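One structure is given here, and the rest of the page talks about it.
Given below as structure tokens:
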């Protein structure tokens, strides 16, 4: 099974890489209806991008999205718009869909499988998030709105849901630097619980790269940065796609 | 909001404790239809127990469930059945439901909220698991069947889903020793990816207790123990319920 998968994806440049959205796309986003942006195109070979705003996004989530989205481009002296320091990363409901032809392949390879963080049809019920990367500063920022299906202790987000987002953000960051990667270690310190429904910031920074190893730090804070919810370090190891598909 | 929650649950003995199922309940389980056991009773004040077998459970999941369930009782010389060294722990879709009157309270306090590991209606789609605890040996065992909605890398379980189960198993174990607790640290080493659809064992053992701190080790292996998927340590801190409800 795994070997046939390996044959199927042979020739793919990368499965885990998240292609960045260029500045012109960021610009068109702001002039379009938010509702329209989140609707998948019928019969399209382009997968639905879950990182675009939908009706469940609250004011804080939208405000931060607009803030970072504005940093995706900068105006030059001639009022010409050019690529900015930040880039929004699209988000699909299977990692397979990042690969060329992945939309079609995902219909024949374990077609029911869904990315753990994008497995809900109901907007706002679980993870609503968008990632922005700044390659110059080696930083990544995620805006997360935690839905009611992520409960752990009464009224608060499950420690595993926080770990899931930390793995997602740091893993995406690492794959931007040296794709593809697998998580080797997560070391998470929980400082203060996150109430359900909150919008929080998850920021990751590159610590160092040593050969195939990428070390990343991460913290989860309130959106104004005044409250530290969680701190973590993560280690990722570069792998080949065949290694992944054959089960490591 | 949090303060009114605190008033509502004032007088609860524990919210995070998972009451163990006594041996007679284990005995009746085996004589009943597996399908019948997982169906919630209409108009019942008893919450549905998600740790009972359902139609999605595969042969390996059922085999291991039966194995540990048989250890929930032992026969004496007079063929009398008595409580065994292991106990099956019930599992509800909100931690609030472990408290006395929690079923009713969960209808008025954030009624849409669901435990992260039990937030799916479709059996077998995400986490199917059951926990058994051995208080004499200070051990806890969880049998997990990983559904198709837990995908991370193509065809494999998301690192965050594994972290979620490690947090759940070690946290349940810690709450059996000193309730209630909050996760303070999780340190997870990912050794080998877990294919989607697999049944695996998650075993936790008590390392030590130091005042309010409980240190636990955990490993995730194939069901025959031959393959190590993940290793972790966890630290839990005992807290008061008001501390939890007021946001720590």
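Residue numbers (the UniProt record's numbering), protein chains in the order written: chain A, 1 to 248; chain B, 1 to 248. Note that CB positions come from ideal geometry on N, CA and C, so glycine has one too. Since the model is a prediction, treat every value here as computed from it, not as a measurement.
- Not a single CB atom of chain B sits nearer than 8 Å to the CB of residue 50(A).
- Within the segment 51-77 of chain A, complete alpha helix (DSSP H) segments of at least 4 residues are found at 59-70, given in chain order.
- In this structure, the alpha-carbon of residue 208(B) lies about 28 Å from that of residue 166(A).
- Taking the Cα of residue 193(B) as reference, the smallest distance to any Cα among 130(B), 158(B), 187(B) and 181(B) is reached at 158(B).
- For residue 221(A), the enclosing beta strand (DSSP E) starts and ends at 213-222.
- Taking 8 Å as the cut-off, the Cβ atoms of residue 76(A) and residue 164(B) do not count as close.
- For residue 167(B), the enclosing alpha helix (DSSP H) starts and ends at 159-177.
- At a cut-off of 8 Å between beta-carbon atoms, residue 70(B) makes no contact with chain A.
- Put simply, the CB of residue 190(B) is near chain A, with a gap under 8 Å to one of its CB atoms.
- When DSSP reads this structure, residue 204(B) sits in a beta bridge with 140(B) and 218(B).
- 107(B) is the residue among 215(B), 107(B) and 155(B) whose C-alpha sits nearest the C-alpha of residue 154(A).
- With respect to the C-alpha of residue 50(A), the residue from 131(A), 151(A) and 110(A) having the closest C-alpha is 131(A).
- At least one C-beta of chain A is nearer than 8 Å to the C-beta of residue 95(B).
- Annotation: residue 56(A) to residue 123(B) spans about 26 Å, alpha carbon to alpha carbon.
- If you draw a straight line from the Cα of residue 142(A) to the Cα of residue 45(B), it is about 41 Å long.
- Distance from the CA of residue 214(A) to the CA of residue 73(B), rounded to the nearest whole angstrom, comes to 49 Å.
- The shortest C-alpha to C-alpha distance from residue 177(A) to any of 203(A), 119(A) and 140(A) is the one to 140(A).
- Secondary structure at residue 82(B): strand, using DSSP grouped into helix, strand and coil.
- Exposure of residue 104(A) is indicated by the presence of fewer than 16 other C-beta atoms within 10 angstroms of its C-beta.
- Taking C-beta separations shorter than 8 Å and ignoring five residues to either side along the sequence, the partners of residue 196(A) in its chain run 146, 147, 148, 150, 151, 155, 156 and 157, following chain order.
- DSSP places residue 233(A) in the strand class (E or B) of the three-state scheme.
- Close to residue 112(B), with beta-carbon spacing below 7 Å, are these residues of chain A in chain order: 148.
- Comparing C-alpha distances from residue 111(B) to each of 125(A), 218(A) and 58(A) shows the shortest one belongs to 125(A).
- Scanning its chain for C-beta atoms nearer than 6 Å, with the 5 sequence neighbours on each side dropped, one finds around residue 170(B) the residues 204, 216, 218 and 234, in chain order.
- Residue burial annotation: residue 82(B) is exposed, with fewer than 16 other C-beta atoms found within 10 angstroms of its C-beta.
- For residue 104(A), there is no enclosing beta strand (DSSP E); the enclosing alpha helix (DSSP H) has its first and last residue at 102-108.
- Excluding sequence positions up to five before and after residue 94(A), its CB lies within less than 6 Å of the CB of 106 and 115, all in the same chain and listed in chain order.
- Between the alpha carbons of residue 160(A) and residue 189(A) lies a gap of roughly 12 Å.
- Residue state for residue 131(B) is assigned as strand, using DSSP reduced to three classes.
- Separation of the CB atoms of residue 221(B) and residue 212(B) is rounded to 30 Å, and the pair is thereby denied contact status at 8 Å.
- Between the alpha carbons of residue 71(B) and residue 168(B) lies a gap of roughly 22 Å.
- Spatial neighbours of residue 60(A) in its own chain (CB-CB distance under 7 Å, excluding positions within 5 residues in sequence) are listed in chain order as 199 and 223.
- Per DSSP, reduced to three states, the secondary structure at residue 88(B) is strand.
- One finds 160 in chain B with Cβ atoms closer than 7 Å to the Cβ of residue 168(A), taken in chain order.
- Residue 174(B) counts as buried, since at least 16 other C-beta atoms from the protein chains shown sit within 10 angstroms of its C-beta.
- Chain-order list of chain A residues neighbouring residue 163(B): 160, 163, 164, 167 and 186, by C-beta distance under 7 Å.
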